[in-house]
Structure formats: structure tokens, C-alpha cells
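This report concerns only the one structure given below.
In C-alpha cells, the structure reads:
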């Protein structure tokens, strides 16, 4: 879809300075400079190479600068970043970039936030106490309801009901109420951010063959099926439990708008297999628009010119589309 020419620029955070964030930001600018959406990077301008860079004093300068150079809100790092080598001294700057991007988005000076990947182990020393970006953003940009992590590519959208926790704990935490609430939030997010009036939600079974009439475990009968019944009674188009080994096939995917996996890998393996380079992480249920690339910091290839900006490009484009949907939907 075309984004309005007056849409505010997007705010892109630095991510882990020792990772590939700076490289893919430069690659994304090179790919989008002629078409947009316009964005600005919150980072140390001295470490961005390979493309022309323009330091800006405010987000409002980014649109005019964008066709000629990558706009950067210059935020110096405490220590020079070395590709592939983590330095906890730079962790506060990473967190500050996220905070600033969110504040600018809340103020309407940025259309949304796109986050480069962070290295959580490096942030813990700076007091970061959250399992990941999603949980931190829920604290500083939440709406009072739990956020939902949605992964999207042209062929598939997925939502994991449980996310960053050991599999044993994730399964123990599953309840009809948790599944139903995740589906409700997902449906609301698809209506608001993707313009899907009546979302079709496919809910995966937990056991092989979705339990096969409770002969391979009773969780699908006792936990998943009641959640589906609850949702359908509320008028939500939910289907399941669906055998997870067949629900992601090319023939099955057109039958729903989003698939709910009951644990992290059940949802993420299919989408990363289909489109690792073009997948986008979207956080539903925030007061701001937020997307990110569907990959990590790639410390092993940082600084080698091997990083693929495809997922970041997709994240920037999708953030602009979501911001446009939200603006059209607002009174």
C-alpha cells in the first residue's frame, strides 16, 4: 500500500552496537531512499559507514534529508563499537535509544518505532531486567493489556501464546483463558493494525495430530478446544485445535489470517523457514507502532559486509503501513 506523503518519519533504534544494526540500517536506507518510507536512526553517527550520513537535530529534519543521506540523531557511544565484540559499557546507550524512540512516537514526532536487534546478555549489566524487547516496550508503551508478539511475512502471520520460557514451563502455563485472551488481543490487533475486519484465527494443537481424540494426550481436548469454543461464542472466527504438522502447508495457509502456536518454536519455525530474510516482528497491543527484523544481532558476521537488510526493509515498510492503518481508523 502507498504511505501518505505527510506521514512522520519512523524512528529506528541502534540495537546492539557490536552487531549488524548499523550495517542493515545503511542497507535499508540505500534501498528505500527513493521510495520511502522515510526513517531516521538513533545511533552514534561516527560508526555508520558505506552511505552518506547527515546528522539531524530533530526528527522533523529527516524527511528532507532522506533522499540524499541517512538521517541520524547522533547519540555518541561511551566506547567505540567493535564488530562482534560485546561491551557492557554501551548498554545504557542501547536502552536510551529505545526510550527516545518511544518518546518521540508517543509525541507524534515519529510515526512508529522500528527496533534493531539487541543482545540481552549485554544489557543485563545495565539493569535491563526484561526477557526481551516486547516485554520492555509493554512497560514503557503499554495499554494495560498484555502485548502480543506477531511475526509476519507475505505468506504467513503467526503468534506464539507463550514466548521466552522453557518448554516445560510454557506447556504447564497453558490454560483456556490464556489461549482465548491471546486470540482476542490478536484479533483486535489485526483489525486495528492490518485493517482486517473479521480475522480468521487458526489455533494449533499441542500434541501430535492435535491429540487424536485424546489418545495422544488430553491437553487438546481439555485446554485448546474449550478456548476455541469460548472464542466462537464471542463471535470470533477461531478454528482448532488444528494438527500442527499440517496447518502451515501451502494449501492450508490461505484458510486463515493468523496462526496461533502454543509455544515459541511451534510458531516461529514455520515463518522463519518460509521467509527468514523478509519476516517482521510486530508488537500488537502497544500505544505506539512497533516492528523489528525477525533475526538477531548476528555477531558472527558483524563488520564483514555479509548482513542482509531484507528483514529490516520489510519491518520499515510494515511499520509505515500499520501507522497508516491506525491513522485512518482514528476519529
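Residue numbers (my numbering): 545 to 875. Built from N, CA and C at the ideal position, the CB exists for glycine as well.
- Between the C-alpha atoms of residue 807 and residue 705 there is a straight-line separation of about 6 Å.
- Every alpha helix (DSSP H) of 4 residues or more that sits fully in the region 626–650 is shown, in chain order, as 635–650.
- Annotation note: the region 677–750 contains the following uninterrupted beta strand (DSSP E) runs of length 3 or greater, listed N- to C-terminal: 692–697, 700–704 and 744–748.
- Under the criterion of beta carbons closer than 8 Å, residue 618 and residue 737 do not qualify as touching, at roughly 31 Å.
- Closest by C-alpha distance to residue 818, out of 696, 623 and 663, is 696.
- Here residue 556 is not near residue 603, since their CB atoms are 8 Å or more apart.
- Burial is judged here by how many other beta carbons sit within 10 angstroms of a residue's own beta carbon; residue 810 has at least 16 and is buried.
- The residues 814, in chain order, have a CB closer than 6 Å to that of residue 792 in the same chain once the five nearest residues on each side in sequence are set aside.
- Secondary structure note for residue 565: its alpha helix (DSSP H) is the uninterrupted segment 565–576.
- If you draw a straight line from the Cα of residue 581 to the Cα of residue 673, it is about 33 Å long.
- In the structure shown, residue 766 adopts helical secondary structure according to DSSP, grouped into three states.
- Runs of beta strand (DSSP E) with 3 or more residues, each lying fully within the region 586–629, are found at 597–599 and 614–618, listed in chain order.
- About 7 Å separates the beta carbons of residue 596 and residue 612, which is inside the 8 Å limit, making them a contact pair.
- When the Cα atoms are used, residue 698 and residue 859 turn out to be separated by approximately 12 Å.
- Counted as a single uninterrupted DSSP element, the beta strand (DSSP E) harbouring residue 785 occupies residues 781–786.
- Judged by DSSP secondary structure, residue 871 falls within the alpha helix (DSSP H) whose first and last residues are 854–873.
- Residue 835 sits in a strand when the DSSP states are folded into three classes.
- Residue 789 and residue 600 have their C-alpha atoms some 50 Å from each other.
- In the DSSP assignment, residue 557 falls within the beta strand (DSSP E) that extends over 554–557.
- DSSP places residue 827 inside the beta strand (DSSP E), whose first and last residues are 824–828.
- Just so you know, the alpha carbons of residue 739 and residue 551 end up roughly 18 Å apart.
- In the DSSP assignment, residue 803 falls within the beta strand (DSSP E) that extends over 802–805.
- CA-to-CA, the gap between residue 712 and residue 767 works out to about 16 Å.
- The C-alpha of residue 861 lies about 12 Å from the C-alpha of residue 577.
- Within the model, the alpha-carbon separation for residue 804 versus residue 702 is close to 6 Å.
- The C-beta distance from residue 745 to residue 780 rounds to 7 Å, short enough to fall under 8 Å.
- Taking 8 Å as the cut-off, the Cβ atoms of residue 843 and residue 692 do not count as close.
- Here the region 822–838 makes contact with the region 653–670; the two share three or more CB pairs at distances below 8 Å.
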